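Here's the structure we're looking at; comments come further down.
There are 2 protein chains.
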Amino acid sequence: MASAYSRSMQAMIDALARLPGVGPKSAQRIAFHLLKSEREDVLKLTKAIEEARGSVRFCERCFNFSETALCHICSDERRDASTICVVEESRDVVALEKTGQFRGRYHVLLGAINPLEGTGPEHLKVREMLLRIEPEQVKEIILCLNPNTEGDVTAMYLARLLKPLGVRVTQLAMGLPVGGDLEYADEVTLGRALVGRREVGD
Amino acid sequence: MASAYSRSMQAMIDALARLPGVGPKSAQRIAFHLLKSEREDVLKLTKAIEEARGSVRFCERCFNFSETALCHICSDERRDASTICVVEESRDVVALEKTGQFRGRYHVLLGAINPLEGTGPEHLKVREMLLRIEPEQVKEIILCLNPNTEGDVTAMYLARLLKPLGVRVTQLAMGLPVGGDLEYADEVTLGRALVGRREVGD
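If you read the sequences in order, they're chains W and B. Here our numbering is used: position 6 in the first sequence is 2, and no number is missing along the way. Here our numbering is used: position 111 in the second sequence is 107, and no number is missing along the way.
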C-alpha cells in the first residue's frame, strides 16, 4: 500500500532510494532515522551535502574532485609529473593514495568504455589525457582500471593509443589478494596469478 | 590518509556515515555519486529531507508519524477502535499495514525496554497507551513487538500491566517463516513453532 506514507515522507524515501547502494528498505530506514533525529542534525547533513556539491568541481588537469582549479595532488610540487596513473573515478585516486606507494600524478577518465551503455572514448577524458603527455613530459602511464570487461576494454584501447607515442604503458599486477586463501580464489584470478608469477625473492 | 579529501567533502562523508546502515565505504560511494549528480537533483534530495523533517510530527493519539494532529489511521472512521496493535516504531506500522490483515488502530511505543541502554517504561509511550483504553473502549491489545530480548521484556511488562484492566492481551504467532526451509530454521524459531503448533485445517 503506497498510502502507508504521507506525501512528503514518500518524496524523501524516493529521493533516498535513488542513492547508490540504498534500496527501498534502507531508504525507509534512513527516512525514519531522519524523522526521529534532532532537526539541527538533519540540517547539518543537508547543509554538508549542499556545501560539498557547491564547492567541489573537477581538477582542470586531471579531473579528480577538487575545491580549487588544480587538485591538491596536481598542485603538489613534490609529485613526479612524469608518471600518470589513469583511473576511472575519483574514488580510485583515494584508494591508490591510501597505499602510499605512488608519488606521481593521476588522470581520471570519469568512466570506462561501455558499448552496452553507449559510453565511448569520446565520452571520457581520453583526449585530455593525450594532451598532457607533451607538456608534462610523461614517461610512464599506469593503467589502473577496474579488473572487469569495461576496464579491460578501456585499457586495451588506451594502450593502443599510447604506445605509438613512445610512452611506457603498464598496468596493475593481477593475482591473489593479500590475505586471501588460494582455495577460495576464483579460477580467473588464479589463472592470472599463475601467468603473472614471479621469481621468489623479487 | 585523511588528507585524501577536501574539508567540505570530508564533512559530507562524515555526515552520511552517521546514517543507519551506511558505513564509511557506502558514505564515500554516495558522496561521489552526489558530486557527479546534477546540482538540481542534489537539491531535490536535500529539500525532500528538510521538507519531510519539517512537516512530519507524531500523531497525538498513537505516536505514529503524521503530517496532521491525528495520523491517517487514527482519523479513519472505518478503523476498529476496540483493537490496538502496540508496536515499537512507526516502521512496524508500515509493515503491518502492508499485510492488509489488521483493521484496528496502532500505538507506537517509540522504542522498547532496554536496561542496558537505560531505556525504561517511563521513556516509552506506555502511560499514553493506558490512557487510551477507557475513552476508546479498547477490548484487545495485540503486542507486536520485535522477537528479541528487548521486545520480549517489553511484552511481558505490558502484559502484566494490561491484564488487570480486563483487556484481552495477545501477541503475534511465532513459527516458521512462510517459504522458509525447516532445515535452515534456527532452533529457537523451530522450538516456538513446535510449542505453537495448530490442528491441521485450522
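C-beta atoms are modelled at their ideal positions from N, C-alpha and C, and glycine is treated no differently. Just so we're clear, the structure is a prediction, and the values are computed from it rather than from any experiment.
I'd like to know whether the C-beta of R57 (chain W) is nearer than 8 Å to at least one C-beta of chain B. No, no contact with chain B.
Answer with buried or exposed for M(-3) (chain W), where buried requires no fewer than 16 other C-beta atoms within 10 angstroms of its C-beta. The predicted position of M(-3) (chain W) is uncertain, since its pLDDT is 41 and thus under 50; no value can be drawn from it.
Could you check whether V82 (chain B) and L139 (chain B) sit closer than 8 Å to each other, using their CB atoms as the reference points? Between L139 (chain B) and V82 (chain B), the C-beta gap is smaller than 8 Å, which places the two residues in contact.
Residues that DSSP places opposite V82 (chain W) in a beta bridge: Per DSSP, W:H103, W:L139.
Kindly indicate which three-state DSSP category A13 (chain B) falls into: helix, strand or coil? In this structure, DSSP gives A13 (chain B) a helical state, which the three-state scheme calls helix.
To which residues does DSSP link Q167 (chain B) through a beta bridge? DSSP, once it has assigned bridges, lists B:L139 as partnering Q167 (chain B).
Is it the case that the Cβ atoms of C58 (chain W) and H119 (chain W) are separated by a distance below 8 Å? No.
Taking the continuous alpha helix (DSSP H) assigned at I26 (chain W), which residues delimit it? 20 to 32 is the extent of the alpha helix (DSSP H) around I26 (chain W).
Own chain partners of D198 (chain W) with C-beta closer than 8 Å, once the 5 adjacent residues on each side are dropped: Low confidence applies here, because D198 (chain W) scores a pLDDT of 48, under 50, leaving its location unreliable and the question unanswered by this model.
Verify whether the separation of the beta carbon atoms of I80 (chain W) and G100 (chain W) is less than 8 Å. Going by C-beta atoms, I80 (chain W) is nearer than 8 Å to G100 (chain W).
Is the beta carbon of I45 (chain B) closer than 8 Å to that of V38 (chain W)? By the CB criterion at 8 Å, V38 (chain W) and I45 (chain B) fall inside the cutoff.
Between K159 (chain B) and chain W, is any beta-carbon pair separated by less than 8 Å? Under the 8 Å criterion on CB atoms, K159 (chain B) is classed as non-interfacial with respect to chain W.
What number of angstroms, rounded off, separates the C-alpha of K32 (chain B) from the C-alpha of A108 (chain W)? The alpha-carbon atoms of K32 (chain B) and A108 (chain W) are separated by roughly 15 Å.
Quick one: using the 10 Å Cβ neighbour count with 16 as the cut-off for buried, is Y180 (chain W) buried or exposed? It is exposed - the Cβ of Y180 (chain W) has fewer than 16 other Cβ atoms within 10 Å.
For M115 (chain W), which residues in chain B fall below 9 Å Cβ to Cβ? Looking at the sequence shown, residue 115 (chain W) is not Met but Thr. Proximity of chain B to T115 (chain W) at the Cβ level (cut-off 9 Å) is not reached, the minimal Cβ distance being about 14 Å.
Please report how far the alpha carbon of L126 (chain B) lies from the alpha carbon of Y153 (chain B), in whole angstroms. Roughly 13 Å separates the two Cα atoms.
So, with DSSP's three-state summary, where would you put R53 (chain W)? The three-state reading of DSSP puts R53 (chain W) in strand, counting E and B together.
Mind checking the segment 27 to 42 of chain W against chain B and listing, in chain order, the residues whose C-beta falls within less than 9 Å of any C-beta there? Here the close residues are A27, F28, H29, L30, L31, K32, S33, R35, D37, V38, L39, K40, L41, T42.
List the endpoints of the continuous alpha helix (DSSP H) containing G96 (chain B). Note, G96 (chain B): premise wrong, no alpha helix (DSSP H); not H, not E.
Would a check of beta-carbon distances place M5 (chain B) closer than 8 Å to chain W? True, the Cβ-Cβ gap to chain W drops below 8 Å.
Could you tell me whether the Cβ atoms of V52 (chain B) and S4 (chain W) are closer together than 8 Å? Yes; because the gap between Cβ atoms is below 8 Å, this pair is in contact.
Short Cβ contact (8 Å threshold) for P16 (chain B) with R25 (chain W): Inclusion of P16 (chain B) and R25 (chain W) in the CB contact set at 8 Å is warranted, their separation being smaller than that value.
What three-state label does DSSP hand S62 (chain W) in the structure shown? In this structure, S62 (chain W) counts as strand in the three-state DSSP scheme.
Can you tell me which of the three DSSP states D72 (chain W) falls into? DSSP places D72 (chain W) in coil when its eight states are reduced to three.
Taking only beta-carbon atoms, is E183 (chain B) less than 8 Å away from chain W? Proximity of E183 (chain B) to chain W, defined by a Cβ-Cβ separation below 8 Å, is not satisfied.
Coarse secondary structure for A77 (chain B), derived from DSSP in three states: In the structure shown, A77 (chain B) sits in a strand (DSSP, three-state: E or B).
Between the beta-carbon of R14 (chain W) and the beta-carbon of R35 (chain B), is there less than 8 Å? Not closer than 8 Å, so no.
For a contact meaning CB atoms closer than 8 Å, what does R87 (chain B) contact in chain W? Against chain W, the beta carbon of R87 (chain B) has neighbours under 8 Å at Q24, R25, F28, listed in chain order.
Short CB-CB distance (under 8 Å) between V83 (chain B) and chain W: Cβ-Cβ to chain W under 8 Å: no for V83 (chain B).
Please identify, using Cβ separations under 7 Å, the residues of the segment 125 to 137 of chain W that lie next to chain B, in order along the chain. The segment 125 to 137 of chain W vs chain B, Cβ under 7 Å: nothing.
Roughly how many angstroms separate the alpha carbons of A149 (chain W) and G176 (chain W), rounded to a whole number? One point to set straight first is that residue 149 (chain W) is Val, not Ala, in the sequence displayed. Near 27 Å, if we compare the C-alpha coordinates of G176 (chain W) and V149 (chain W).
Sequence-distant residues of the same chain with beta carbon closer than 7 Å to N110 (chain W), five excluded per side: The residues are E146.
Boundaries (first-last residue) of the alpha helix (DSSP H) holding A181 (chain B): Boundaries cannot be given for A181 (chain B), as no alpha helix (DSSP H) includes it and DSSP labels it neither H nor E.
Starting from the beta carbon of R74 (chain B), find every residue of chain W whose beta carbon is closer than 8 Å, and list them in chain order. Result: empty, since nearest Cβ-Cβ is about 13 Å, beyond 8 Å.
Expressed to the nearest angstrom, what Euclidean distance is found between the alpha-carbon atoms of T185 (chain B) and K135 (chain B)? Computed Cα separation, rounded: 29 Å.
Give the straight-line distance between the Cα atoms of D72 (chain B) and E84 (chain B), rounded to the nearest whole angstrom. Roughly 21 Å between the two C-alpha positions.
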